[in-house]
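Q: Protein chains in written order, with the numbering used here: chain W, 319 to 574; chain E, 319 to 574. In this text, a Cβ means the ideal position worked out from N, Cα and C, and glycines have one as well. Remember, it's a predicted structure, so these values are computed and weren't measured experimentally.
#1: Look up residue 553(E) in the DSSP assignment and give the residues it is bridged to.
#2: Determine, for residue 559(E), whether the minimum Cβ-Cβ distance to residues of chain W falls below 8 Å.
#3: Secondary structure at residue 352(W), three-state DSSP: helix, strand or coil?
#4: Any C-beta of chain W within less than 8 Å: which residues of the stretch 403 to 423 of chain E qualify?
#5: Using CA atoms only, rank isn't needed, just tell me which of 542(E), 331(E) and 320(E) is closest to residue 449(E).
#6: What residues in the stretch 359 to 370 of chain E have a beta carbon less than 8 Å from any beta carbon of chain W?
#7: Apart from the five residues on each side of it in sequence, which residues of its chain come closer than 6 Å, Cβ to Cβ, to residue 523(W)?
#8: Of all the CB atoms in chain A, is at least one closer than 8 Å to the CB of residue 542(W)?
#9: If residue 347(W) and residue 323(W) are in contact, beta carbons under 8 Å, what's the gap, nearest whole angstrom?
#10: Using only alpha-carbon positions, find the residue among 479(W), 396(W) and 422(W) that is nearest to residue 363(E).
#11: Please decide whether residue 564(W) counts as near chain E, where near means a Cβ-Cβ distance under 8 Å.
#12: Round the Cβ separation of residue 547(W) and residue 496(W) to the nearest angstrom and send it over; I've been treating them as touching at under 8 Å.
#13: Does the Cβ of residue 340(W) have 16 or more other Cβ atoms within 10 Å, making it buried, or fewer, making it exposed?
#14: Please work out which residues of its chain come closer than 8 Å, Cβ to Cβ, to residue 460(E), disregarding the five sequence neighbours upstream and downstream, and give them in chain order.
#15: Could you list the residues in the stretch 474 to 499 of chain E with a C-beta less than 7 Å from some C-beta on chain W, going in chain order?
#16: Any idea if residue 502(E) is buried or exposed, counting beta-carbon neighbours within 10 angstroms, 16 or more meaning buried?
#17: May I ask which residues mark the beginning and end of the beta strand (DSSP E) holding residue 494(E)?
#18: Using the beta-carbon of each residue, which ones in chain E are nearer than 8 Å to residue 552(W)?
#19: Applying the 10 Å Cβ sphere with the 16-neighbour rule, what's the burial state of residue 559(E)?
#20: If distances are taken between C-alpha atoms only, which option among 571(E), 520(E), 573(E) and 467(E) comes closest to residue 370(W)?
#21: Against chain E, with Cβ distances strictly below 8 Å, would residue 278(W) count as a contact?
#22: Which residues in the same chain have their Cβ closer than 7 Å to the Cβ of residue 427(E), if we skip the five residues on either side of it in sequence?
#23: Based on the DSSP secondary-structure assignment, which residues constitute the bridge partners of residue 512(W)?
#24: Excluding five sequence neighbours on each side, which residues of the same chain lie with their C-beta closer than 7 Å to the C-beta of residue 531(E)?
#25: Considering only residues of the same chain and omitting the five flanking positions on each side of residue 526(E), which have a CB-CB separation below 7 Å?
#26: With a threshold of 8 Å on Cβ separation, who are the neighbours of residue 404(W) within its own chain once the five nearest residues in sequence on each side are excluded?
#27: Got a sec: which bits of the stretch 450 to 465 of chain W sit with their beta carbon under 8 Å from any beta carbon on chain E, in order along the chain?
#28: Quick check on the DSSP output: the alpha helix (DSSP H) that includes residue 370(E) runs from which residue to which?
#29: Enumerated in chain order, which unbroken segments of the beta strand (DSSP E) with a length of 3 residues or greater are wholly contained in the stretch 324 to 353 of chain E?
#30: Is DSSP giving residue 439(E) helix, strand or coil here?
#31: Does chain W have any CB closer than 8 Å to the CB of residue 547(E)?
#32: When you compare only the Cα positions, how much space is there between residue 377(W) and residue 338(W)?
#33: To which residues does DSSP link residue 479(E) through a beta bridge?
#34: If you measure from the CB of residue 553(E), is any heavy atom of the ligand SAH nearer than 7 Å?
#35: Could you please tell me which residues of the stretch 373 to 407 of chain E, in chain order, have their CB closer than 7 Å to any CB of chain W?
#36: Straight-line CA distance for residue 353(W) to residue 382(W)?
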């Protein structure tokens, strides 16, 4: 089995290292990850400047390829230019911090897996729910388990699994839930500050408004100490609204 | 009526100027747009560095606010910090180049409108299908027409309209179609070059593989000289796969 691994925290992050170590037990792994942290870049791709690729060594051993681009760039580059044979599955993570609810939209980790899905490869994004997580062993095993499960069960073409693991000792995790993307969202605040030269600048902060109240939503699920597993795709069409809008008869608009 | 306008080509672009001029006929407009071009940034948001805001003047008249951030940043900043009252609708564009099929995923223009949808405001993204477009008058009127239509008909909360207008003289446009996001996608190529110092670098290029063959898909629609109007949302859950995966019984997994 061949697995391509990427992330958005950067190739130096403990999360990707733990993931690669675990996946090496079941597959030949190729790591292609951003040279620098790329959190919250969403599905950005690099088109206006070229990208470069460098070999990255960890503890004097070759670990993978560092790309000075986004997570989506890494997946494209990994599959198109670096891997000799295409991967059986692409795994992105382990992210430091949860990617649930509307955070899925902003996430570089999920976008790396989504880029793989666009390219017709099955994919997983995996995150641990705390930015300060120190322990990735259980999450790495969850990713490994679901990699095998996807290859035996199959997924819709264009679909990936977005997995979030509570940052808790393994024996305190209550189980695994099949979930949907939650509706919780950020109440954004721009904190205004003055620079040393007397000019304004703004930092984005905010509070997550919890809008999910049952275990079928990823955000509620992780709050209740369960692992969440959400199937995600890249068809953004609102099919319900598409049906409703037939009554607008926009094909009959003759002039605007 | 109050309208917030943003884009991804930058506040200096002809497309946003044409859009603002037209929307001023029906509303009080506030323009908050990136100081620099932000194409293909997707739904990136700026969190690791602060953002700044500057007033932008065009022909010696105040035109709007330039933000050194992404399209999604501009919409957050416009609604949270700049506008005194919330907008009735947010319009993003007019983009120079189409945003159909998988390009919707990478698009900063669509992401600005999607950020508005996340914040519970109705929104439109509007693009003209050529990067070299010179004429935006018809597209601006289409955006204006649909702004009024949305406010009279209503949209699902969290839904936006993604509109693409062929870059053709108005009398050659055949009509307007209600569409879904197409399945056409890029066959990416990384062109390898040598820098003046003998080191490799890569440019992302590629060819669009046309996979849409009827007028219900945005990409086919614009190719046939129709305006496409697709309702888009930010729920990425693959509900079909979610139902299928019940048979995986992942809640019964006891150890990994």
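A: In short, the structure shows the following:
#1: Note: residue 553(E) sits in no beta bridge, so no partner.
#2: yes
#3: strand
#4: 420, 422 and 423
#5: 331(E)
#6: 359, 360, 361, 362, 363, 364, 365, 366, 368, 369 and 370
#7: 507 and 509
#8: The structure shown contains no chain A; its protein chains are W and E.
#9: 6 Å
#10: 422(W)
#11: yes
#12: 6 Å
#13: buried
#14: 444, 481, 483, 494 and 545
#15: 474, 477, 493, 494, 495, 496, 498 and 499
#16: buried
#17: 493 to 496
#18: 420, 423 and 554
#19: buried
#20: 520(E)
#21: Any property of residue 278(W) remains undetermined from this structure, which presents chain W solely from 319 to 574.
#22: 325, 326, 389, 410, 411, 413, 417, 443 and 445
#23: 518(W)
#24: 538
#25: 502 and 504
#26: 320, 397 and 439
#27: 456, 459, 460, 462 and 463
#28: Segment: none, residue 370(E) is in no alpha helix (DSSP H) and carries neither H nor E.
#29: 346 to 352
#30: coil
#31: yes
#32: 14 Å
#33: 442(E) and 549(E)
#34: Ligands are entirely absent from the displayed structure, and the ligand SAH is therefore not among its contents.
#35: 394, 395, 398 and 399
#36: 11 Å
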